[in-house]
Amino acid sequence: MYKEICNKYAPTKDNLIYILHDIQDTHPQHYISEEAVEVVSEYLKVPANHIFGVLTFYSMYSTKPRGTNIIRLCESPPCYIKGSDNILRKLKTMLSVNVGETTKDGAFTLELAACLGVCGNAPVMMVNDDVYGDLTEEKIEEIIGKIRGGN
Amino acid sequence: MKYFRSHILIGINETSLNSGVNAFIQALRQELAKNDLQEEINVLETGPLGFFGKGICLTVYPENTNYENVKIDDLPELVSDHFLKGRPLKRLMLDASGKFDPKFNYEHRIVLRNSGIIDPESIEEYLGTGGYEAWEKALLQMQPMEIVEEVKASGLRGRGGAGFPAGLKWSFTAPLEAEQKYVVVNADEGEPGTFKDRLIMEGDPHQLLEGIMICARAIGATKAWIYIRGEYKLCINRLNLAIKQCHEFGILGTNIFDSGFDLDIEIKVGAGAYVCGEETALIESLEGNRGNPRWKPPFPGIKGLWQCPTVVNNVETLANVPYIIKNGSGEFKKYGTPECTGTKVFTILGDVAHPGLCEIDMGTTLRTIINEYAGGMKKGFKFKAALVGGAAGVILPDKMLDVKMDFASLNQYAAVLGSGAILVMNEHQSIVDMLWSILRFFRHESCGKCSPCRIGTQHLYALISKIRKGEGTIEEVELMLTTAETMQQTSFCALGQSPIMAIRSALENFKDEFIEITKK
Ligand SMILES: Cc1cc2nc3c(=O)[nH]c(=O)nc-3n(C[C@H](O)[C@H](O)[C@H](O)COP(=O)(O)O)c2cc1C
Ligand code: SF4
Ligand code: FES
């Protein structure tokens, strides 16, 4: 399956970032495994250590399995002064996880992010590709509840 | 053409999409049809409207009434009151007191002139506003060096932060003989508090493409890349669509307008690293590497992407170019100040009445921006300070409210305009907390290539955390300053040279707060 993803792109190194995005997005656990790295390394003729270097450099990639839904809460100054810390506390207690961890049922992974570019609605978080702004503790309950219900 | 009595403009952006704007539009159309208004009232999906409200926002023309947080349940009342009875629905208006007039925002618009007015997904609408006339002129009537000279004469300075003159940058690359040259658009927008480039791309993607084309022709590049952050999904979709439309219309591709000139534009998506906004790190990332900056010189203009001459410009910089080429540099220079011509898009956040964006003349004072464009402070709050330019910016106190917001004026105060983000703080907010948050950001974003920044950002964060807890000493406050100074002198790239800005301005203007907390 990793090979099929690779085949969609020309085997040049500049496509590495794209291929990694694609692999991660299509994996149900949103991560890039060692096995995937081997396949990409073979395909692009780029050493595996280069790929690991890239993987660990960018914040959007993960080398560890993650939940179905990835929560990325913005902690940059504009969101911080609008109370992102309270939102973080709420998320931690509601999901019983710390930052970087995944809930027992595998539904959510909690992460922190730098400015997501939606600061007009601070505090802001993304769940997968969806943006949620003007967050309050009540809103968090509603959002998490809705996603849980939909699954 | 159909004649409509009113137009309802609906802002489609990340926030409204999240509030279910698509279902909303369907319901609105049904409601209009139910009242037999579908031939009279036009519903237009567009980009940013120029103000920030909660949820789904609408502007109704020609009245210029702004509504916010409109829900499907509100539609029967809204349609009946506003469109049948002709009286605006006060309850949902953006500012019921009527004091704030976002129309004001539209006065001096160059890069946002079409935003919130045309449908950004339609090339026909862009063409209808005179779009791609500048491209045709640049391609068929102007020599490359003439374009460079015109942009030089306009005084346009880079809008990505540093303010380097765009025409001058192009003039280094244009005369070089090379097999391949590139234009790279910096759409990585990562400076906290900044989202102007997103709004420019969401609201009018074709204008950016036209700017890229003109730049490519000026320097002789046949390929351009837009490096855009992965989170900006709507921008990515709209730009891809716009590029496709250009190919269909023969505006991009081979032998464009029979001129013999070829050009293609491609989008590359980033993967989340602030430092990739630095132009050489961005180039590394485009090549498929870790985003570690390169040594300069050679500058990208001489040796950039795959060692080819490459012009890197910010989104807003390039979005100004079609206007300059179409109307001439003289028209452009009517805006702004003599040293900093044109307009600037600012994003205003924090405790103001109307957070949002405005495009105004370079050199407008901070006071005017806050009072007139953002509707003043939020009710019940007093101004304490503004963080200008994001994390790499400075903290300005109230005695600086009359400083002019342009590159040259701010430089006189050892401050920076940066990306144009303005974060307003009220009198209850703590500068120590703010600095803590800024230094946490730098600690996280240091790329680790050079030791002054890799170690320095850790050290600064440890110091401010201790001080913030009330466990620090005044010597440690001073140590932050000297550490940041050392970093400024020895760091490899501008990221490590930046924390000094916030630290120095915080200590110069709010030293009391630091003294107080160390006495605890
Ligand atoms: C750490 C760092 C982050 C930067 N981030 C951005 C950015 O997000 N967008 C941008 O246009 N320029 C950014 N820059 C500035 C670029 O290096 C470069 O100067 C700019 O893209 C040039 O375009 P301009 O002359 O049109 O402004 C950043 C610089 C540094 C040092
Ligand atoms: S100053 Fe910081 S971001 Fe720049 S190269 Fe050094 S470690 Fe990397
Ligand atoms: S600061 Fe949080 S989205 Fe920009």
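Chains as they are written, first to last, in the numbering used here: chain A, 1318 to 1468; chain B, 592 to 1111.
Quick reminder that beta carbons are idealized off the backbone N, C-alpha and C, glycines included.
Residue j beta carbon less than 8 angstroms from that of residue i
i, j, result
"Glu950 of chain B", "Arg700 of chain B", "yes"
"Ile856 of chain B", "Leu800 of chain B", "yes"
"Lys1330 of chain A", "Leu1361 of chain A", "yes"
"Leu1412 of chain A", "Ile1368 of chain A", "no"
"Asn911 of chain B", "Lys975 of chain B", "no"
"Ala1365 of chain A", "Glu1352 of chain A", "no"
"Ala1157 of chain B", "Val860 of chain B", "Any property of residue 1157 of chain B remains undetermined from this structure, which presents chain B solely from 592 to 1111."
"Asn1445 of chain A", "Asn1386 of chain A", "yes"
"Ile1058 of chain B", "Ala1075 of chain B", "no"
"Tyr1375 of chain A", "Ala862 of chain B", "yes"
"Cys837 of chain B", "Met792 of chain B", "no"
"Leu992 of chain B", "Leu1014 of chain B", "no"
"Pro900 of chain B", "Thr813 of chain B", "no"
"Gly1437 of chain A", "Gly947 of chain B", "yes"
"Arg885 of chain B", "Thr871 of chain B", "yes"
"Phe923 of chain B", "Ser745 of chain B", "yes"
"Leu683 of chain B", "Leu669 of chain B", "yes"
"Ala1384 of chain A", "Thr1420 of chain A", "The sequence given here places Gly at residue 1384 of chain A; Ala does not occur at that position. Result yes, Cβ atoms of Gly1384 of chain A and Thr1420 of chain A sit closer than 8 angstroms."
"Ile1464 of chain A", "Gly941 of chain B", "no"
"Asn609 of chain B", "Asp1342 of chain A", "no"
"Gly802 of chain B", "Pro913 of chain B", "yes"
"Met1025 of chain B", "Leu978 of chain B", "yes"
"Cys1391 of chain A", "Ala1424 of chain A", "no"
"Thr938 of chain B", "Gly784 of chain B", "yes"
"Tyr1335 of chain A", "Tyr1326 of chain A", "yes"
"Ile601 of chain B", "Thr637 of chain B", "yes"
"Gly933 of chain B", "Tyr926 of chain B", "yes"
Interface partners of residue i on chain A, CB under 7 angstroms
i, result
"Glu1036 of chain B", "Ala1431"
"Gln734 of chain B", "Under the 7 angstroms cutoff, chain A gives no residues; its nearest Cβ is about 32 angstroms from Gln734 of chain B."
"Ile1029 of chain B", "Pro1394"
Classification of residue i by the beta-carbon crowding that lies within 10 angstroms, buried from 16 upward
i, result
"Ser671 of chain B", "exposed"
"Ile986 of chain B", "buried"
"Phe755 of chain B", "exposed"
"Gln732 of chain B", "exposed"
"Met1318 of chain A", "exposed"
"Thr1426 of chain A", "buried"
"Ser688 of chain B", "Residue confidence is low: Ser688 of chain B scores 43 on pLDDT, short of 50, so the model does not pin down where it sits. Its coordinate-derived value is still stated next. By the neighbour-count rule (16 or more Cβ atoms within 10 Å), Ser688 of chain B is not buried but exposed."
"Ala1053 of chain B", "exposed"
"Lys894 of chain B", "buried"
"Phe1105 of chain B", "buried"
"Pro1395 of chain A", "buried"
"Glu1289 of chain A", "With chain A covering 1318 to 1468 only, the question about residue 1289 of chain A has no answer from this structure."
"Phe1033 of chain B", "buried"
"Phe848 of chain B", "exposed"
"Lys935 of chain B", "buried"
"Gly921 of chain B", "exposed"
"Asn1002 of chain B", "exposed"
Chain B residues whose Cβ lies nearer than 7 angstroms to that of residue i
i, result
"Asn1438 of chain A", "Thr606"
"Gly1450 of chain A", "Thr606"
"Phe1374 of chain A", "Ala864, Arg881 and Gly882"
"Met1377 of chain A", "Gly821, Ala862 and Gly863"
Cross-chain neighbours of residue i in chain A, by beta carbon under 8 angstroms
i, result
"Leu1142 of chain B", "Nothing about residue 1142 of chain B can be reported from this structure: the residues present for chain B run from 592 to 1111 only."
"Thr938 of chain B", "Cys1436 and Gly1437"
"Asn1042 of chain B", "What sits at residue 1042 of chain B in the sequence shown is Ser, not Asn. Ordered by position in chain A, no residue passes the 8 angstroms Cβ test against Ser1042 of chain B, which lies about 18 angstroms from the chain."
"Asn609 of chain B", "Asp1447, Val1448, Tyr1449 and Gly1450"
Amino acids of chain A, ordered along the chain, whose beta-carbon sits closer than 9 angstroms to that of residue i
i, result
"Gln1080 of chain B", "None at all; the shortest Cβ gap to chain A is about 25 angstroms."
"Glu780 of chain B", "Cys1432 and Gly1434"
"Gly566 of chain B", "This structure gives no information on residue 566 of chain B, because the portion of chain B shown stretches from 592 to 1111."
"Met1025 of chain B", "Pro1394, Tyr1397 and Ile1398"
Where residue i meets chain B, residues with beta-carbon distance less than 8 angstroms
i, result
"Ile1461 of chain A", "Neighbours of Ile1461 of chain A on chain B: none; closest Cβ ~15 angstroms, over 8 angstroms."
"Met1442 of chain A", "Per Cβ cutoff of 8 angstroms: no residues; Met1442 of chain A is ~11 angstroms from chain B at best."
"Pro1364 of chain A", "Neighbours of Pro1364 of chain A on chain B: none; closest Cβ ~12 angstroms, over 8 angstroms."
Interface partners of residue i on chain B, CB under 9 angstroms
i, result
"Lys1330 of chain A", "Glu878, Gly879 and Asn880"
"His1338 of chain A", "Gly821, Val860 and Ala862"
C-beta neighbour in chain D for residue i, strict 8 angstroms
i, result
"Asp1342 of chain A", "Looking for chain D here will not work: the only protein chains present are A and B."
Enumerate, from N- to C-terminal direction, the unbroken alpha helix (DSSP H) stretches of 4 or more residues contained entirely within the region 1345-1408 of chain A. 1351-1361, 1365-1374 and 1394-1397
Segment contact flag, the region 892-908 of chain B with the region 779-789 of chain B, C-beta cutoff 8 angstroms, min 3 pairs: yes
Are at least three pairs of beta-carbons, each pair with one atom in the region 1043-1050 of chain B and one in the region 998-1012 of chain B, less than 8 angstroms apart? no
Beta carbon nearer than 6 angstroms to a non-hydrogen atom of ligand 5: Ligands in the displayed structure: ligand 1, ligand 2 and ligand 3; ligand 5 is not one of them.
Flag this pair as touching only if the region 830-844 of chain B and the region 768-776 of chain B have three or more C-beta atom pairs under 8 angstroms; answer yes or no. no
Residue ranges of each beta strand (DSSP E) run of no fewer than 3 residues wholly in the region 975-1021 of chain B, ordered along the chain? 985-988 and 1012-1017
Which runs of the beta strand (DSSP E) fall wholly inside the region 1411-1444 of chain A and span at least 3 residues, in chain order? 1425-1430 and 1442-1444
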